[in-house]
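Novice: Residue numbers -24 to -1, 1 to 152, in mature numbering (1 follows the signal peptide of the UniProt record, and there is no 0), belong to the letters of the sequence shown in order. Here a beta-carbon is modelled for each residue, glycine too, at the ideal position from N, C-alpha and C.
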Amino acid sequence: MKYFSLLSLILIITLSSCSTVRVASDYDKEANFESYRSFAFYKPGIDKAEISDLDKKRILRAIEADMTSKGFLKSNNPDMLVSIFTKTKENVNIYQNNFGWGYGWGWNPWFWGNGYNTVTTTTEGTLYIDLIDASKKELVWQGMGSSALTKDVDKKQGKMNEIVAAILEKYPPQNN
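Right, here's the structure in full:
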(Lines of atoms letter the chains of each structure in order from A and count residues from 1; the text may use other names and numbers.)
(Lines give C-alpha, C1' and ligand atoms only; values in the text may rest on other atoms or scores of the structure.)
Protein backbone atom coordinates (compact mmCIF):
# COMPACT_ATOMS: atom_id res chain seq x y z
CA MET A 1 0.00 0.00 0.00
CA LYS A 2 2.89 2.35 0.78
CA TYR A 3 4.33 1.80 -2.70
CA PHE A 4 0.97 2.54 -4.31
CA SER A 5 0.64 5.86 -2.48
CA LEU A 6 4.26 6.75 -3.25
CA LEU A 7 3.74 6.00 -6.94
CA SER A 8 0.52 8.03 -6.92
CA LEU A 9 2.33 10.97 -5.37
CA ILE A 10 5.14 10.77 -7.94
CA LEU A 11 2.58 10.62 -10.76
CA ILE A 12 0.71 13.67 -9.45
CA ILE A 13 3.92 15.67 -9.09
CA THR A 14 5.05 14.64 -12.56
CA LEU A 15 1.76 15.57 -14.19
CA SER A 16 1.52 18.89 -12.38
CA SER A 17 5.08 19.80 -13.36
CA CYS A 18 4.27 19.06 -17.01
CA SER A 19 1.85 21.95 -17.34
CA THR A 20 3.32 23.60 -20.37
CA VAL A 21 2.38 27.26 -19.97
CA ARG A 22 1.51 29.13 -16.78
CA VAL A 23 -0.56 32.23 -17.54
CA ALA A 24 -2.01 35.24 -15.77
CA SER A 25 -3.65 38.45 -16.89
CA ASP A 26 -4.65 41.84 -15.58
CA TYR A 27 -6.84 44.55 -17.08
CA ASP A 28 -8.39 47.97 -16.65
CA LYS A 29 -11.95 47.41 -15.41
CA GLU A 30 -12.98 50.78 -16.88
CA ALA A 31 -11.92 49.89 -20.44
CA ASN A 32 -14.57 49.08 -23.03
CA PHE A 33 -13.10 46.00 -24.68
CA GLU A 34 -15.98 45.72 -27.13
CA SER A 35 -14.86 48.94 -28.80
CA TYR A 36 -11.54 47.45 -29.92
CA ARG A 37 -11.79 46.03 -33.46
CA SER A 38 -8.34 46.61 -34.97
CA PHE A 39 -4.73 46.36 -33.87
CA ALA A 40 -1.18 47.19 -34.88
CA PHE A 41 2.16 46.34 -33.37
CA TYR A 42 3.82 48.99 -31.20
CA LYS A 43 7.33 49.03 -32.67
CA PRO A 44 9.08 51.07 -29.93
CA GLY A 45 7.96 48.55 -27.30
CA ILE A 46 8.78 45.51 -29.40
CA ASP A 47 12.26 46.84 -30.21
CA LYS A 48 13.06 46.88 -26.48
CA ALA A 49 12.38 43.15 -26.08
CA GLU A 50 15.72 41.47 -25.39
CA ILE A 51 15.38 38.47 -27.70
CA SER A 52 16.58 37.72 -31.20
CA ASP A 53 14.81 39.28 -34.16
CA LEU A 54 13.91 35.78 -35.33
CA ASP A 55 12.13 35.03 -32.05
CA LYS A 56 10.38 38.41 -32.22
CA LYS A 57 9.07 37.48 -35.67
CA ARG A 58 7.85 34.13 -34.35
CA ILE A 59 6.00 35.81 -31.48
CA LEU A 60 4.49 38.52 -33.68
CA ARG A 61 3.32 35.92 -36.23
CA ALA A 62 1.64 33.98 -33.43
CA ILE A 63 -0.02 37.10 -32.00
CA GLU A 64 -1.24 38.21 -35.43
CA ALA A 65 -2.70 34.77 -36.18
CA ASP A 66 -4.46 34.61 -32.82
CA MET A 67 -5.82 38.15 -32.98
CA THR A 68 -7.16 37.72 -36.51
CA SER A 69 -8.78 34.41 -35.50
CA LYS A 70 -10.61 36.39 -32.78
CA GLY A 71 -11.96 38.76 -35.44
CA PHE A 72 -9.51 41.66 -35.08
CA LEU A 73 -8.15 43.41 -38.16
CA LYS A 74 -4.56 44.50 -38.54
CA SER A 75 -4.70 48.19 -39.43
CA ASN A 76 -2.60 51.31 -40.02
CA ASN A 77 -5.14 53.24 -37.93
CA PRO A 78 -5.77 50.80 -35.05
CA ASP A 79 -7.93 50.94 -31.95
CA MET A 80 -5.34 48.98 -30.02
CA LEU A 81 -1.54 48.69 -30.02
CA VAL A 82 0.21 45.41 -29.20
CA SER A 83 3.57 45.38 -27.46
CA ILE A 84 5.67 42.60 -25.97
CA PHE A 85 8.24 42.25 -23.22
CA THR A 86 10.30 39.16 -22.40
CA LYS A 87 12.32 37.73 -19.52
CA THR A 88 14.35 34.55 -19.30
CA LYS A 89 15.94 32.66 -16.45
CA GLU A 90 17.98 29.50 -16.09
CA ASN A 91 16.57 26.84 -13.78
CA VAL A 92 19.02 24.36 -12.28
CA ASN A 93 17.43 21.15 -11.05
CA ILE A 94 19.35 18.72 -8.85
CA TYR A 95 17.81 15.30 -8.38
CA GLN A 96 19.37 13.35 -5.55
CA ASN A 97 18.67 9.64 -5.45
CA ASN A 98 19.91 8.02 -2.28
CA PHE A 99 18.07 4.71 -2.37
CA GLY A 100 19.74 2.18 -0.15
CA TRP A 101 19.07 -0.74 2.10
CA GLY A 102 19.43 -0.66 5.81
CA TYR A 103 19.15 2.15 8.31
CA GLY A 104 17.53 5.10 6.59
CA TRP A 105 17.86 7.08 3.41
CA GLY A 106 21.23 6.74 1.73
CA TRP A 107 23.08 4.96 4.50
CA ASN A 108 23.44 1.32 5.28
CA PRO A 109 25.88 -0.69 7.34
CA TRP A 110 27.58 -2.33 4.33
CA PHE A 111 28.54 0.64 2.18
CA TRP A 112 28.03 4.36 1.64
CA GLY A 113 26.22 6.09 -1.18
CA ASN A 114 24.76 3.72 -3.72
CA GLY A 115 22.63 6.62 -4.97
CA TYR A 116 23.32 9.08 -7.74
CA ASN A 117 22.77 12.75 -8.50
CA THR A 118 21.48 14.24 -11.71
CA VAL A 119 21.84 17.94 -12.57
CA THR A 120 19.80 19.47 -15.40
CA THR A 121 19.30 23.03 -16.56
CA THR A 122 16.33 24.45 -18.42
CA THR A 123 15.66 27.92 -19.73
CA GLU A 124 12.31 29.35 -18.75
CA GLY A 125 10.92 32.24 -20.74
CA THR A 126 8.23 34.69 -19.73
CA LEU A 127 6.34 36.60 -22.40
CA TYR A 128 4.26 39.66 -21.57
CA ILE A 129 1.72 40.85 -24.13
CA ASP A 130 0.52 44.41 -23.57
CA LEU A 131 -2.61 45.76 -25.24
CA ILE A 132 -2.63 49.55 -25.30
CA ASP A 133 -5.55 51.84 -26.14
CA ALA A 134 -4.25 53.60 -29.26
CA SER A 135 -6.09 56.88 -28.72
CA LYS A 136 -5.28 57.28 -25.01
CA LYS A 137 -1.85 55.55 -25.12
CA GLU A 138 -2.82 53.69 -21.92
CA LEU A 139 -2.32 50.05 -21.06
CA VAL A 140 -5.73 48.35 -20.88
CA TRP A 141 -4.78 44.65 -20.74
CA GLN A 142 -1.67 42.63 -19.96
CA GLY A 143 -1.20 38.90 -20.29
CA MET A 144 1.79 36.91 -19.08
CA GLY A 145 2.85 33.37 -19.88
CA SER A 146 5.84 31.37 -18.63
CA SER A 147 7.13 28.13 -20.09
CA ALA A 148 10.26 26.10 -20.63
CA LEU A 149 11.85 27.08 -23.93
CA THR A 150 13.14 24.81 -26.64
CA LYS A 151 16.43 25.16 -28.48
CA ASP A 152 15.17 23.07 -31.40
CA VAL A 153 14.68 25.53 -34.28
CA ASP A 154 12.06 23.29 -35.89
CA LYS A 155 9.90 23.41 -32.75
CA LYS A 156 10.30 27.09 -31.83
CA GLN A 157 7.34 28.44 -33.83
CA GLY A 158 5.06 25.77 -32.39
CA LYS A 159 6.19 26.64 -28.87
CA MET A 160 5.64 30.37 -29.50
CA ASN A 161 2.16 29.61 -30.88
CA GLU A 162 1.36 27.57 -27.77
CA ILE A 163 2.51 30.31 -25.38
CA VAL A 164 0.72 33.13 -27.25
CA ALA A 165 -2.51 31.11 -27.55
CA ALA A 166 -2.49 30.35 -23.82
CA ILE A 167 -1.97 34.03 -22.97
CA LEU A 168 -4.54 35.42 -25.41
CA GLU A 169 -7.10 32.84 -24.30
CA LYS A 170 -7.63 35.24 -21.39
CA TYR A 171 -8.54 38.10 -23.77
CA PRO A 172 -11.04 39.70 -23.81
CA PRO A 173 -11.56 39.51 -20.05
CA GLN A 174 -14.78 37.91 -18.93
CA ASN A 175 -16.75 39.86 -16.34
CA ASN A 176 -17.93 37.46 -13.66
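My output table needs one value for N137: the three-state DSSP class, helix, strand or coil.
Specialist: Residue state, collapsed to three classes: helix.
Novice: Looking at C-alpha atoms only, which residue of V68, V(-4), Y104 is the closest neighbour of Y3?
Specialist: Y104
Novice: Going by Cα to Cα distance, which pick from T(-5), T62, F9 is closest to D23?
Specialist: T62
Novice: What distance in whole Å lies between the Cβ atoms of R13 and L36, which are believed to be in contact at a cut-off of 8 Å?
Specialist: About 19 Å separates the two Cβ atoms, so there is no contact after all.
Novice: Quick one: is I60 buried, meaning 16 or more other Cβ sit within 10 Å of its Cβ, or exposed?
Specialist: With 16 or more neighbouring CB atoms inside 10 Å of its own CB, I60 falls in the buried class.
Novice: Is the beta carbon of V140 less than 8 Å from the beta carbon of I70?
Specialist: Their beta carbons are not under 8 Å apart, which means V140 does not touch I70 by this criterion.
Novice: Determine which residues share a DSSP beta bridge with K50 and list them.
Specialist: F15
Novice: Compare the C-alpha of K46 against each of D31, G134, F15 and name the closest.
Specialist: F15
Novice: Please report the straight-line C-alpha distance between K135 and T126, rounded to a whole angstrom.
Specialist: Rounded to whole angstroms, the gap between the alpha carbons of K135 and T126 is 8 Å.
Novice: Are the CB atoms of S123 and V(-4) within a distance shorter than 8 Å?
Specialist: yes
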